[in-house]
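Residue numbers (my numbering), protein chains in the order written: chain A, 1446 to 1826; chain B, 293 to 682; chain C, 15 to 246.
This report concerns only the one structure given below.
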């Protein structure tokens, strides 16, 4: 087989422009395919990051309804709970609606300890605890807006009316690369005091002594507050985050549908190319046969050529996707914590390229192998 | 004088395999484009028809959504007494102060899925303000009892929300006594009940928002805003109801459209390469015909135009196919969370003539791009050169 | 108008093949009288097809002047050359060069699309031309439904439909069997005798050449022999 390789290559490169266009269209489609699949894996990955030893307790009604601060002490007393902290979605506007990023007002004592996967110096933590208007920004957010320690960040409240002036006192770095750092944290005490002993929080984060008891403890917590003014819903951090994703509707189905459309569209393109190439070569195939090439060899030759073109495009597109998203640091405007084309995605894309190559070569290869020499040599073309 | 159109049509027909495959690629691009636009348009439409320009919605200053807003009874009373507010026959203000809360409900047929739903504490005046809301099954809730009516798509999508069923939220159970429709607007994704019971159930005192009918729709808002600004007790925003809902739809509709265009743009690049291939092959196979026509005295521009037209026709076939492919999705109900109100909105894919036209235009543009270089290639040949090729 | 239909003055044509210059015609002088039927003969590469291309305005000389129907082709730009061809030249090719996707009628009508004629006038012209080649019963046939001889007759109809000043025929019988060739040559001769048309024909077939008034033999771009044939 290898001795035919130069011949196959020569054939593939005969119409350079056509081969290049076909390869490029496969590059583009595989790039897109990798992008779409990475959307899914990034979702999943953000869930993986959730700590199994942490539960989130929120108001049973919905996240937009608060829980009383008094629950903190009651949660801490439940056996099996090792730490309790809390946070509130702030949802303020920085400059205007287009400059959206997550802002949380959090428990100044304990929240930073709860999320030890984000690194801060003791001085930074101390400043956050002491200063009412201190805030901490994640390193990605800091890089995006050029925030430095000491910078002032004015926010316009939507849930909590008024203008809120924060000062950057720390920049949180991620312990591992796939953690999201597009966020801003400031002290919940700022809200509490400004609203005259507000005394309510958005949700509690509960750390478990034993992660295996997550289900058990969730039920215990919700039972504790059942039939009270503010019933709770407790779930693992992972389930909590999954909830946000399912709220978007059936994203998975959309992505699969579009992904399929892309693959079919490009399959048509490359199939068409292979058929055009084959049509123009009918006479040559006949000559090869006349000099003694077997039907089988012809079949393999045409298939290999199409496989080669498709695989070249597939690999280039996949690698391109990987490199582009790695180098650009794309996060969908902070929507994804990380956006890394995984090995699994690359493998799948390459696999699709192989299938595409075989399928698009199949018809012309079959036709070429079935070709009758006499007919073909009469063929004008 | 141009080369006859029939020349191009016949050529496309003769090479029908290549034509169909290339058009097929274009068709999928156009179909995805149409679907995305239909999704954005459906979502937007659902919210836009929710608001009426004659109504004004009052929310707390700075809060962009009813759900985040709050006002005390005193504020509501002051506004209701303003002269810009229309009056009902009995002299009451034509206005409704409402409690709007978001609650998390489990989906029907999906044990782990849940989503947020807007619950509105509405009174009789709320129905008068929104004449498009009408019961299609059951009856209206009675005041003072835990009964609710639900929008029709919502009753199908969420557990316990069917007529006669019982749904639990706000620490108590509610009987679903009626199902309503509202011309496909956002209200169809809401649960309505008596505000006087819903408020306590959610520990809410006061109201979320106030909606009022203007006595004079044309200039009423302006003078209302002036009056509000002059009153130091009031810290509120007043907007036309339709503007309010349009603004709510803006962000998500724009995100859907932006993502759609990104996808379609990249897909289109791949499909254009396909069109380029087909047209280069067409030019290559017809070198001698091109030479003949040049020899007969046709200008190179006519040749260029002819191949360009052929490419556009080819892609237009794809455009039409793509539109046909996408058409069945029209009217299919789907839902997504509207991040402005934190709750799910059910809406229908909406394919408008404008969207179909956009799809066709896109295919024409692809045809021009995919045809230009091969066509120029064809037109640039010298006659003698083109005639020599066989 | 009087004077020769074609005048070549010191025409030189050099082709570049890669980095090598290949001279095809060398300082050629030639005159063809109005109404003359000229045959060009010679081995391949002798420059006979080049002469045809030059006089029909689809190629330009490296040096010298080409004057056809009193027009110096060197003065014309590409666009003017295209118009010149559509008005003055009727082409007949060896392999007919009909457009395969158009019917016989549409093929013949094609050059008329470059004129101001109305649809009705075009139809009259096409029918007249098809009558000359005796193919009025094949108007709606596509080229592949015709025999080689019929195809060439359609091509001749396409050439005469604009009533051009000069016919150029490049091996018009090269692809035809003996009987079809005779028919085609007979047609050309009729154009010459009945309609008084000027014809320049390249051929390697002596029988074909015999129909001409004058036969020129070329070799390596130079005229080597000129035979005047006086018709009986």
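Backbone N, C-alpha and C fix where the C-beta goes; we use that ideal spot for every residue, glycine too.
Since the model is a prediction, treat every value here as computed from it, not as a measurement.
- Counting only Cβ-Cβ distances below 7 Å, residue 568 of chain B has contacts in chain A at 1466, in chain order.
- The beta carbons of residue 482 of chain B and residue 426 of chain B sit about 14 Å from each other, so the pair does not count as a contact at 8 Å.
- Taking a C-beta cut-off of 7 Å against chain B, the contacting residues of the stretch 97-117 of chain C are 97, 99, 100, 105, 111, 113, 115, 116, listed in chain order.
- At a beta-carbon threshold of 9 Å, none of the residues of chain B lie near residue 1723 of chain A; the nearest stands roughly 11 Å away.
- Nearest neighbour of residue 328 of chain B by Cα position, chosen from B/651, B/413, B/670, turns out to be B/651.
- For residue 1610 of chain A, the uninterrupted beta strand (DSSP E) run begins and ends at 1608-1619, by DSSP.
- Proximity to residue 310 of chain B across A/1714, A/1515, A/1449, A/1638 peaks at A/1714, based on C-alpha coordinates.
- For residue 553 of chain B and residue 1540 of chain A, the gap between their C-alpha atoms comes out near 26 Å.
- Per the coordinates, the alpha-carbon of residue 81 of chain C lies some 12 Å from the alpha-carbon of residue 74 of chain C.
- Residue ranges of uninterrupted beta strand (DSSP E) with 3 or more members, entirely inside the stretch 73-106 of chain C and ordered along the chain, are 77-82, 103-106.
- Ranking A/1666, A/1816, A/1773 by CA distance to the CA of residue 1589 of chain A puts A/1773 first.
- For residue 1606 of chain A, the nearest beta carbon of chain B is closer than 9 Å to its own beta carbon.
- Listed by position along chain A, the residues whose Cβ is nearer than 9 Å to that of residue 355 of chain B are 1602, 1603, 1604, 1606.
- Counting only residues of its own chain and dropping the five nearest sequence neighbours on each side, residue 1658 of chain A has a CB closer than 7 Å to the CB of 1525.
- Around residue 118 of chain C, the same chain offers 152, 153, 155, 168 as residues with beta carbons nearer than 6 Å, after the five sequence neighbours per side are excluded.
- Per DSSP, the unbroken beta strand (DSSP E) holding residue 439 of chain B starts and ends at 439-443.
- Considering only beta carbons, the part of the stretch 1714-1743 of chain A lying closer than 7 Å to chain B consists of 1714, 1716, 1717, 1718, 1720, 1721, in chain order.
- In the three-state DSSP reduction, residue 572 of chain B falls in the helix class (H, G or I).
- For residue 297 of chain B, the three-state secondary structure derived from DSSP is helix.
- Judged by DSSP in its simplified three-state form, residue 473 of chain B adopts strand.
- Across the set A/1466, A/1459, A/1476, the C-alpha of A/1476 shows the shortest separation from the C-alpha of residue 1790 of chain A.
- With fewer than 16 other Cβ atoms inside 10 Å of its own Cβ, residue 1597 of chain A counts as exposed.
- Assignment of beta-bridge partners to residue 532 of chain B by DSSP yields B/348.
- Residue 172 of chain C belongs to the set of residues whose beta carbon lies under 9 Å from a beta carbon in chain B.
- In this structure, residue 629 of chain B sits away from residue 1721 of chain A, with a CB-CB distance that is not shorter than 9 Å.
- The three-state reading of DSSP puts residue 52 of chain C in strand, counting E and B together.
- For residue 1678 of chain A, the secondary structure class from DSSP, reduced to helix, strand or coil, is strand.
- Note on the stretch 1512-1595 of chain A: whole beta strand (DSSP E) runs with a minimum of 3 residues are 1526-1534, 1547-1551, 1579-1583, in chain order.
- Residue 324 of chain B is positioned such that its CB atom lies closer than 9 Å to that of residue 556 of chain B.
- In this chain, residue 183 of chain C is not harboured by any alpha helix (DSSP H); it is covered by the beta strand (DSSP E) spanning 180-184.
- Contact note: residue 591 of chain B reaches chain C through 93, 96, using a C-beta cutoff of 7 Å and chain order.
- Boundaries of the alpha helix (DSSP H) around residue 1491 of chain A: 1461-1493.
- Across the set B/302, B/314, B/315, B/358, the C-alpha of B/358 shows the shortest separation from the C-alpha of residue 539 of chain B.
- The beta-bridge partner set that DSSP reports for residue 461 of chain B consists of B/464.
- For residue 231 of chain C, the enclosing beta strand (DSSP E) begins and ends at 228-233.
- In the DSSP assignment, residue 236 of chain C is bridged to C/233.
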